[in-house]
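S.K.:
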Amino acid sequence: MIYVGVYVLLVHRLVLFDLGWCFLYLGFLLFLPINTPIVMQLLLSFAMGLTIDIFYDTGGLHAAAAVGLGFVRPWVLRLLTPRDGYDSVDTVNVHQMGWQWFSVYLTLLVLLHHATFFLLELGSFRHLGLTGAKMLVSALFTSLTLLIVQLLFSPVRRGRQ
18 MIYVGVYVLL VHRLVLFDLG WCFLYLGFLL FLPINTPIVM QLLLSFAMGL
68 TIDIFYDTGG LHAAAAVGLG FVRPWVLRLL TPRDGYDSVD TVNVHQMGWQ
118 WFSVYLTLLV LLHHATFFLL ELGSFRHLGL TGAKMLVSAL FTSLTLLIVQ
168 LLFSPVRRGR Q
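Under the numbering used here, the first residue of the sequence shown carries the number 18, and numbering increases by one thereafter.
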């Protein structure tokens, strides 16, 4: 609810050069605990995307892109599994997982979400250059914002045992 509230009341108005939008609500989906079941991820993704769609009358664009993110997230987590595996208490946290892991995770998933969202919004491949610029600038804007959120609000690294 906090992510939706902050996004709806404040962040959706932040636009960089008519190219970059910050989809802060993705933080809710990206920072779910690592061991969240896929069905729960998909349901939460759909609910979050549909809530944003209802506020902005976007006809399911946010829901479709968010469900795509929820579907791909377990594969990205498997791809990035540390040598020792994840602990049952691990969360997606820059302090706990490290800068390299977190930046790859964030970049992959935000770019996949934004590609889905902006290509669905476009509906064709006519203005692919402008759409590509929107994807990249928005992904950079969203990723930097979510990194700042992580640094400000996530607990500092605990020692692994």
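From the three backbone atoms N, C-alpha and C, an ideal C-beta is built for every residue, glycine too.
1) Just grab the DSSP bridge partners of Gly-149 for me.
2) Does Gly-176 come out as helix, strand or coil in the three-state DSSP assignment?
3) What does the Cβ neighbour count give for His-131, buried or exposed, with the cut at 16 atoms within 10 Å?
4) Whole-angstrom Cβ separation of Val-93 and Ser-171, contact assumed at under 8 Å?
5) Measure from the alpha carbon of Val-89 to the alpha carbon of each residue in Asp-104, Ser-62, Met-152, then state which is nearest.
6) Check whether the Cβ atoms of Leu-97 and Trp-116 sit closer than 8 Å, and answer yes or no.
7) Could you name the residues of the same chain whose beta carbon sits closer than 6 Å to that of Ser-155, not counting the 5 residues immediately before and after it, in chain order?
8) Whole angstroms are fine: how far does the CA of Asp-101 sit from the CA of Asp-35?
9) According to the neighbour-count rule (16 or more other Cβ atoms, all chains shown, within 10 Å of its Cβ), is Phe-142 buried or exposed?
10) Taking 8 Å as the limit between beta carbons, can you name the residues of its chain near Tyr-103, skipping five residues before and five after?
11) Of the choices Leu-49, Leu-43, Phe-158, Pro-54, whose alpha-carbon is the least far from that of His-79?
12) Any Cβ of chain D within less than 8 Å of the Cβ of Met-152?
13) Bridge partners of Gly-87, per DSSP?
14) Taking C-beta to C-beta, are Thr-162 and Leu-41 nearer than 8 Å?
15) With Asp-70 as the anchor, note down where its alpha helix (DSSP H) starts and where it stops.
16) So Leu-139 and Thr-148 are supposed to be a Cβ contact under 8 Å. How far apart are they, rounded?
17) Using the Cα positions of Thr-124 and Ser-160, report the straight-line distance between them to the nearest angstrom.
M.R.: The short version:
1) According to DSSP, Gly-149 bridges with nothing at all.
2) Bear in mind that a pLDDT of 49 at Gly-176, under 50, signals an unreliable position, so the number given afterwards is only what the model happens to contain. Residue state, collapsed to three classes: coil.
3) buried
4) Contact doesn't hold; Cβ gap of about 19 Å is too wide.
5) Ser-62
6) no
7) Listed in chain order, the non-local C-beta contacts of Ser-155 below 6 Å within the same chain comprise Gly-37, Trp-38, His-131, local neighbours out to five positions each way being set aside.
8) 44 Å
9) exposed
10) Ile-51, Asn-52, Leu-94
11) Among Leu-49, Leu-43, Phe-158, Pro-54, the Cα nearest to that of His-79 belongs to Leu-43.
12) As a matter of chain content, chain D is missing from the structure shown, which is built from one protein chain.
13) Paired residue(s): none; Gly-87 is not in a bridge.
14) yes
15) 55 to 73
16) 5 Å
17) Looking at the two C-alpha atoms, the distance is approximately 7 Å.
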